[in-house]
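Participant: Here it is: the structure, laid out below.
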Amino acid sequence: MTDRTFSHIAVPDAFESPLAFLDALSRTSGGFILFIDTEERVRYATRGFADWFGKSPADVVGKRLLDLYGPEGYAEFAPQMKQALAGNAVHYERLARRPDGSPVWISVTLDPYRARDGQVAGFFSCELEVSELKRTHDALDRALQELASHMENSPLAVIEWTAAVEVRRWSAQAEAIFGWKASEVIGRKPSTFGLVHPDSLETTRELTRELIEGAKRNRMLTKNITRDGRTIHCEWFNSAFFDADGKLSSMLSLAQDVTARVESEEQLRQAAVYDSLTGLPNRNSLAARLEHAIMRVSRSGDRLALLFIDLDRFKKVNDTHGHAAGDEVLRQCAARIRTCVREVDTVARLGGDEFVVLLESDVRPDTPSVIGDRIRSAFDVPFQWKGTDVRCGASVGVSLYPDHARDPAELLASADLAMYRFKKVEGQPQ
């Protein structure tokens, strides 16, 4: 072999000749470098490859791969070798076994070599042990599979967004909650498929902007719209991921449908401040409004009035027609009282057949009596229960702030007392 053969190699000065360089490469290379001819015989091998079999390079050169590896070992790579001899470059990984039986993962690259006539004369094989890399890769792959499994099996919708707020990942639960399939939303902004209810657009935009501008995480409660047009309430837990340069890379959202919870909380809130039968503010709500009203007029020097309304002959309605009729009459009473007051006034039901009207705006001296007369007149028309006329009157007592009382409880008691005085004068049943 002459120097001309190595004319393309830039041999370092430390080596006397290209042959010395090649010999050093063969002896010290950590990888297994081989040249295999068309008869599947080893024509060149580095020392590392020979050491694998406990032999010297001279002992393996000229040997057929079938003889070196045995039928079982040979079968593991024979298909890839046939491809290389057919002129195809091949790369693969396989689990090999050392002569002592211990397993090791190796990465193999096979590159065909063509003679001057263009025919394949054999192939070069470069093999590297990648056991540690393979274990790391497998561990990472298992971790990613576990994470993907957790995400798909989570009761929460898992949605990953790009920095441009386009859907990158859409879990099965996201499809279950919102209705869209992943294929319908991947690569799209939520605005393009109507995910966010108009009532929650501003909140969603503000908190998304917060993440884009550097917040690591936030939480929001929004209204969303499903694929079939339903409005649902969702709780969102959002986080942002920034790369080493501090640039937003992606955002992750975990969402759950909390419609049932929100509706239950709203029902409890309504029950706390509204009368379930008539829909009017209840005693607690009236107390809070009255306290705030007194605080306001005490600063401004204005006046407010409280009208206490008790139904006349209501017990007879229950005794004659039953409690269902009584409930219906109470609902109709509430509606009539509302029509008799101004938009700014408050109508509340204390309980039973007792109602209160709070006048806290523009209360002139004659305002309470005008509204009181209007309410009594409204009750002159019979109520209806299953086609039957049901008669029920109203007695009204008035208390003024600060004329009659300065305390909410005392003001209410004063109006109650005035109502009973009126009832007594009119001869109405208690």
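Counting in the working numbering, the sequence shown runs from 2 upward without gaps. A virtual CB, placed ideally from N, CA and C, is assigned to each residue, including glycine.
1. Go through the region 153-187 residue by residue and report every complete run of the beta strand (DSSP E) that reaches 3 residues or more, in order.
2. Just checking, does the region 48-57 make contact with the region 74-91 on the three C-beta pairs under 8 Å criterion?
3. The beta strand (DSSP E) that contains Thr-232, what's its start and end?
4. What do you reckon, are the CB atoms on Leu-249 and Ala-116 nearer than 8 Å?
5. Quick check: what's the CA-CA separation for Asp-346 versus Gln-257?
6. Quick check on Gly-71: does DSSP put it in helix, strand or coil?
7. What did DSSP end up calling Lys-190 once you bin it into helix, strand or coil?
8. Expressed to the nearest angstrom, what Euclidean distance is found between the alpha-carbon atoms of Glu-267 and Gly-353?
9. I'd like to check one pair, Leu-359 with Leu-291: are the Cβ atoms closer than 8 Å?
10. Mark Tyr-70 as exposed unless 16 or more other C-beta atoms lie within 10 angstroms of its C-beta, in which case mark it buried.
11. Between Asn-219, Thr-193, Lys-190, which has its C-alpha nearest Thr-204's C-alpha?
12. Using DSSP bridges, identify the partner residues of Trp-386.
13. Decide if the region 359-376 is in contact with the region 311-329; the criterion is three or more beta carbon pairs, one per stretch, under 8 Å apart.
14. Helix, strand or coil, according to DSSP, for Glu-130 in the structure here?
15. For Ala-241 versus Ala-261, is the C-beta spacing smaller than 8 Å?
16. Consult DSSP for Lys-224 and reduce its assignment to one of helix, strand or coil.
17. Just mark Gln-174 as buried or exposed, buried being the case when its beta carbon has 16 or more other beta carbons within 10 Å.
18. For the structure I just gave you, are there three or more beta carbon pairs, one from the region 272-287 and one from the region 383-396, closer than 8 Å?
19. For the alpha helix (DSSP H) containing Gln-268, name the first residue and the last one.
20. With which residues is His-92 paired in a DSSP beta bridge?
21. With DSSP run on the structure shown, which of helix, strand or coil describes Val-345?
22. Report back the beta-carbon spacing between Lys-182 and His-198 to the nearest angstrom; my notes put them in contact at under 8 Å.
23. Ile-226 and Leu-196: beta carbons closer than 8 Å?
24. Under the assumption that Ala-33 contacts Glu-128 (Cβ atoms under 8 Å), give the Cβ distance between them as a whole number of angstroms.
25. For Arg-377, list the residues DSSP reports as bridge partners.
26. Less than 8 Å between the beta carbons of Ala-414 and Glu-361, yes or no?
27. When we look at the beta-carbon of Asn-283 and count the other beta-carbons within 10 Å, is it buried (16 or more) or exposed?
28. Can you look up Ser-301 in the DSSP assignment and give me helix, strand or coil?
29. Less than 8 Å between C-beta atoms, sequence neighbours within five positions excluded: which residues of the same chain meet that for Gly-88?
Facilitator: Once the coordinates are examined:
1. Listed in chain order, the beta strand (DSSP E) runs fully inside the region 153-187 are 158-163, 168-171, counting runs of at least 3 residues.
2. At 8 Å Cβ cutoff, the stretches do not touch.
3. Taking the sequence shown and counting its residues from 1, one reaches residue 232 at position 231. Per DSSP, the continuous beta strand (DSSP E) segment holding Thr-232 begins and ends at 232-243.
4. Here residue 249 refers to the residue found at position 248 when the sequence shown is read from its first residue. Here residue 116 refers to the residue found at position 115 when the sequence shown is read from its first residue. With respect to the 8 Å criterion, Leu-249 and Ala-116 are not classified as neighbours on the basis of their beta carbons.
5. Taking the sequence shown and counting its residues from 1, the one referred to as residue 346 is at position 345. Taking the sequence shown and counting its residues from 1, the one referred to as residue 257 is at position 256. Their Cα atoms are separated by approximately 41 Å.
6. The residue labelled residue 71 in the question sits at position 70 within the sequence shown. Gly-71 falls in the helix class under three-state DSSP.
7. Position 189 of the sequence shown, counting from 1, holds the residue named residue 190. In this structure, Lys-190 counts as coil in the three-state DSSP scheme.
8. Here residue 267 refers to the residue found at position 266 when the sequence shown is read from its first residue. Here residue 353 refers to the residue found at position 352 when the sequence shown is read from its first residue. C-alpha separation (whole angstroms): 24 Å.
9. As a first step, residue 291 must be located in the sequence shown, where it is residue number 290. As a first step, residue 359 must be located in the sequence shown, where it is residue number 358. Yes, they are a contact pair.
10. Against the sequence shown, residue 70 aligns to sequence position 69. Tyr-70 comes out buried.
11. On the sequence shown, residue 204 is found 203 positions in, with the first residue counted as 1. Answer by Cα proximity: Asn-219.
12. Stepping through the sequence shown from its first residue, residue 386 is reached at position 385. Among the bridge pairs identified by DSSP, Trp-386 is matched with Thr-389.
13. As far as the Cβ criterion goes, the region 359-376 does not touch the region 311-329, which means the pair count is below three.
14. Sequence index remark: in the sequence shown, residue 130 carries index 129 (1-based). Strand.
15. The residue you call residue 241 lines up with position 240 of the sequence shown. The residue you call residue 261 lines up with position 260 of the sequence shown. For Ala-241 and Ala-261, no; Cβs fall outside 8 Å.
16. For the purposes of this step, residue 224 is taken as the residue at position 223 of the sequence shown. Lys-224 sits in a strand when the DSSP states are folded into three classes.
17. Within the sequence shown, numbered from 1, the residue matching residue 174 stands at position 173. Buried is the call here.
18. The region 272-287 and the region 383-396 do not touch, with fewer than 3 CB-CB distances between them shorter than 8 Å.
19. The residue you call residue 268 lines up with position 267 of the sequence shown. Per DSSP, Gln-268 belongs to the alpha helix (DSSP H) from 260-274.
20. The sequence position of residue 92 within the sequence shown is 91, counting from 1. Looking at the DSSP output, His-92 sits in a beta bridge with Thr-110.
21. Within the sequence shown, the letter at position 344 stands for residue 345. Here DSSP, grouped into helix, strand and coil, assigns Val-345 to coil.
22. What you label residue 182 is simply residue 181 of the sequence shown in a count that begins at 1. What you label residue 198 is simply residue 197 of the sequence shown in a count that begins at 1. Not a contact, Cβ separation roughly 21 Å.
23. Within the sequence shown, numbered from 1, the residue matching residue 226 stands at position 225. Within the sequence shown, numbered from 1, the residue matching residue 196 stands at position 195. Yes; because the gap between Cβ atoms is below 8 Å, this pair is in contact.
24. For the purposes of this step, residue 33 is taken as the residue at position 32 of the sequence shown. For the purposes of this step, residue 128 is taken as the residue at position 127 of the sequence shown. Note that residue 33 is Phe in the sequence shown, not Ala. With 8 Å as the limit, Phe-33 and Glu-128 qualify as a contact, their Cβ atoms being about 4 Å apart.
25. Here residue 377 corresponds to residue number 376 of the sequence shown, with the count starting at 1. For Arg-377, which the question treats as bridged, DSSP gives no partner whatsoever.
26. Numbered from 1 along the sequence shown, position 413 holds the residue referred to as residue 414. Numbered from 1 along the sequence shown, position 360 holds the residue referred to as residue 361. Contact: no.
27. Along the sequence shown, read from residue 1 onward, the residue named residue 283 stands at position 282. Asn-283 should be labelled buried.
28. Numbered from 1 along the sequence shown, position 300 holds the residue referred to as residue 301. Note: Ser-301 maps to helix in three-state DSSP.
29. Reading the sequence shown from its first residue, position 87 is the one you call residue 88. Within the same chain, Cβ atoms closer than 8 Å to the Cβ of Gly-88 are found at Pro-113, Arg-115, Val-121, the five residues on either side in sequence being excluded.
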